[in-house]
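J.:
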Amino acid sequence: MNMPWLILGDFNCEKSPTEKQLGATPTWYELKDFADCCFSLGLNDAPTTGCYFTWYSNSDSTPVWCKLDRVLFNNEWLEAGLLCNAHFSPPGCLSDHSPGIVSILDPPASQPKPFRFFNMWADHRDFMATVENGWNLNVEGTLQFCLCRKLKALKGHLKAFNNLHFSHISVRAKEADLALQDAQIQLESDPENATIRDSVRELKKKAVFLAEAERHFYYQKAKLHFLKMGDRNTKFFHDMVKRNAAKSSILAITKTDGTTITSAMEIGHEFVSYFTSLLGTEVPTLPVDNDVFNWGPKLSFELALELCRVVTPEEVKQAIFHISDNKAPGSDGYSACFFKRAWHIVALFARRAGFL
Numbered sequence: 001m002n003m004p005w006l007i008l009g010d011f012n013c014e015k016s017p018t019e020k021q022l023g024a025t026p027t028w029y030e031l032k033d034f035a036d037c038c039f040s041l042g043l044n045d046a047p048t049t050g051c052y053f054t055w056y057s058n059s060d061s062t063p064v065w066c067k068l069d070r071v072l073f074n075n076e077w078l079e080a081g082l083l084c085n086a087h088f089s090p091p092g093c094l095s096d097h098s099p100g101i102v103s104i105l106d107p108p109a110s111q112p113k114p115f116r117f118f119n120m121w122a123d124h125r126d127f128m129a130t131v132e133n134g135w136n137l138n139v140e141g142t143l144q145f146c147l148c149r150k151l152k153a154l155k156g157h158l159k160a161f162n163n164l165h166f167s168h169i170s171v172r173a174k175e176a177d178l179a180l181q182d183a184q185i186q187l188e189s190d191p192e193n194a195t196i197r198d199s200v201r202e203l204k205k206k207a208v209f210l211a212e213a214e215r216h217f218y219y220q221k222a223k224l225h226f227l228k229m230g231d232r233n234t235k236f237f238h239d240m241v242k243r244n245a246a247k248s249s250i251l252a253i254t255k256t257d258g259t260t261i262t263s264a265m266e267i268g269h270e271f272v273s274y275f276t277s278l279l280g281t282e283v284p285t286l287p288v289d290n291d292v293f294n295w296g297p298k299l300s301f302e303l304a305l306e307l308c309r310v311v312t313p314e315e316v317k318q319a320i321f322h323i324s325d326n327k328a329p330g331s332d333g334y335s336a337c338f339f340k341r342a343w344h345i346v347a348l349f350a351r352r353a354g355f356l
């Protein structure tokens, strides 16, 4: 199927052991056929609200809940930019299955995206100069404030750097490859032409660099850690990025009163209201039970002192340099790759500010 496809109904099988409650736990042998079928067809579960388990055995002696009904879509559905949400209501009195209602949704309004450091930037010859220029900002205040302000200001320089060298990376990589092929055809017709040979050499460097940058870009966005350095299946990366986006997007939620909302603004307000009710109220402080400290094993005096020991800058550096470049960035958007590459610039100021 190479067209957008939405399929729904009672598949009479679970996809994982977590989709069954009570009763015998399904074995991998029982789940394998359906899981393999979905994988072969590129089918993904649509976001759902309401009942998680969609079938009930209606047996008082051996009650069983299962997720047998589901809504699936293929990769072409995502590529077409189509969005949907499925809501499963309680079974009611006429059936032991939950009725499902599928809503085709309009694409959410685009929101400003937070800054994110892409590791491909660090391989460009002008990267360090860009960081140094952005870091030379004069800031007044405490050293901690100056460090945070410099990191924040640097984001603007890196965004401009990205727009200049890496924006629309797939288009750039394709154009560079086509330019290389054209030059190679010219060289084949005139193999003695030194100018064309030099041009082919430079175009190949550019094409290889942009191809690697494109791979790193989708590798990081797809959040995959099991691929080898030689893997360059861009379509696979595209599919994984879109699958991750579909999984992480919140198109609908069920409120505490049972109503379902699909408006992005209402969903945002509901999250704020919910967590405000949890975190915005005072809870009386409970007294400390000193007997708790005497339960279980305790650290020796020497080990307790070791926990209070000042961490050396070298230990901090070793810890940071052991973090994978493709681990999720911090809340400021900077990945471990940035701090590794710009360590000689950032570390000195961070040490003076007391962070190292």
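Numbering follows full-length UniProt numbering, in which position 236 of the sequence shown is assigned residue number 236; successive positions increment by one, without gaps. Glycine residues also receive a C-beta, built at the ideal position from the N, C-alpha and C atoms.
Per DSSP, which residues does I7 bridge with? Please list them.
T.: The partner list for I7 (beta bridge, DSSP) reads L72.
J.: For the alpha helix (DSSP H) containing F100, name the first residue and the last one.
T.: Note on identity: in this sequence residue 100 is Gly, with Phe being the wrong assignment. That residue, G100, is in no alpha helix (DSSP H); its beta strand (DSSP E) goes G100 to L105.
J.: Whole angstroms is fine: what's the gap from G9's alpha carbon to D291's?
T.: Cα-Cα distance, rounded: 57 Å.
J.: Among D177, V200 and L178, which residue has its Cα nearest to the Cα of E188?
T.: For the residues D177, V200 and L178, the minimum Cα distance to E188 belongs to V200.
J.: Three-state secondary structure (DSSP) at C51?
T.: Residue state, collapsed to three classes: coil.
J.: If I measure Cβ to Cβ from S335 and keep anything under 6 Å in the same chain, skipping five residues before and after, which residues do I get?
T.: Answer for S335: F117 and P329, listed in chain order.
J.: Taking the alpha-carbon of C13 as reference, which of I261, D69 and K204 has the nearest alpha-carbon?
T.: The shortest Cα separation from C13 among I261, D69 and K204 belongs to D69.
J.: Report, in whole angstroms, the separation of the C-beta atoms of K32 and Y52, which I expect to be a contact under 8 Å.
T.: Their Cβ separation, rounded to whole angstroms, is 22 Å, which puts K32 and Y52 out of contact at 8 Å.
J.: Specify, as a first and last residue, the run of the beta strand (DSSP E) that H157 falls within.
T.: From DSSP, H157 is part of no beta strand (DSSP E) but of the alpha helix (DSSP H) over L143 to H165.
J.: Once the 5 residues before and after I250 are set aside, which same chain residues still bring their CB inside 7 Å of it?
T.: Answer for I250: I267, listed in chain order.
J.: Determine the burial state of V71: buried for a count of at least 16 other Cβ atoms within 10 Å of its Cβ, exposed for fewer.
T.: By the neighbour-count rule (16 or more Cβ atoms within 10 Å), V71 is buried.
J.: Cutting at 6 Å between CB atoms, please list the residues of its own chain near P47, excluding the five before and the five after it.
T.: Excluding residues within five positions, the ones whose Cβ falls inside 6 Å are N85 and L251.
J.: Following the continuous beta strand (DSSP E) through F88, name the residue where it begins and the one where it ends.
T.: Its beta strand (DSSP E) spans residues L83 to F88.
J.: Using the Cα positions of A350 and A211, report the straight-line distance between them to the nearest angstrom.
T.: So the two alpha carbons sit approximately 35 Å from each other.
J.: Residues bridged to Q21 by DSSP?
T.: Its beta-bridge partners are W65.
J.: Is it true that the CB of N119 sits closer than 7 Å to the CB of Q220?
T.: Yes.
J.: State the Cα-Cα distance for the pair E140 and A80, rounded to the nearest angstrom.
T.: The straight-line gap from Cα to Cα measures roughly 50 Å.
J.: Who are N12's beta bridge partners in DSSP?
T.: DSSP output for N12 lists no bridge partner at all.
J.: On a CA-only basis, which of H87, T25, N326 and S16 is nearest Y218? Give me that one, please.
T.: Comparing Cα-Cα distances from Y218 to each of H87, T25, N326 and S16, the minimum goes to N326.
J.: For the alpha helix (DSSP H) holding R352, just list the boundary residues, first then last.
T.: Residues W343 to R352.
J.: Roughly how many angstroms separate the alpha carbons of I101 and G23, rounded to a whole number?
T.: Those two C-alpha atoms are separated by around 28 Å.
J.: Excluding sequence positions up to five away, which residues of its chain have a Cβ less than 8 Å from the Cβ of M265?
T.: For M265, where only same-chain residues beyond five positions count, there are no Cβ hits under 8 Å.
J.: Between the region 127-141 and the region 305-314, do three or more beta carbon pairs fall short of 8 Å?
T.: Taking 8 Å as the limit for Cβ pairs, the verdict is that the region 305-314 does not touch the region 127-141.
J.: If you drop the 5 nearest sequence neighbours on each side, which residues of the same chain put their C-beta closer than 6 Å to that of V64?
T.: Counting only Cβ-Cβ distances below 6 Å, and skipping sequence neighbours, we find L22, G23 and S57.
J.: With 16 other CB atoms within 10 Å as the buried threshold, where does S277 fall?
T.: The residue in question, S277, is exposed, as its Cβ has fewer than 16 Cβ neighbours within 10 Å.
J.: Which residues bound the alpha helix (DSSP H) around G268?
T.: Where G268 is concerned, the enclosing alpha helix (DSSP H) stretches over A264 to L279.
J.: Short of 8 Å in beta carbon distance, which residues of its chain neighbour K204, apart from the five on each side in sequence? Order them along the chain.
T.: These residues qualify, in order along the chain: L180.
J.: Quick check: the Cα distance between L299 and V288, rounded to an integer number of angstroms?
T.: Going from the Cα of L299 to the Cα of V288 covers about 20 Å.
J.: Could you tell me the alpha carbon to alpha carbon distance between T260 and I253, rounded to whole angstroms?
T.: T260 and I253: Cα-Cα distance of roughly 6 Å.
J.: Can you tell which of F34, A35 and P17 has its C-alpha closest to the C-alpha of T27?
T.: T27 has its Cα closest to that of P17, out of F34, A35 and P17.
J.: Rounded to the nearest angstrom, what separates F209 and C38 at their Cα positions?
T.: If I take the Cα positions, the gap works out to 36 Å.
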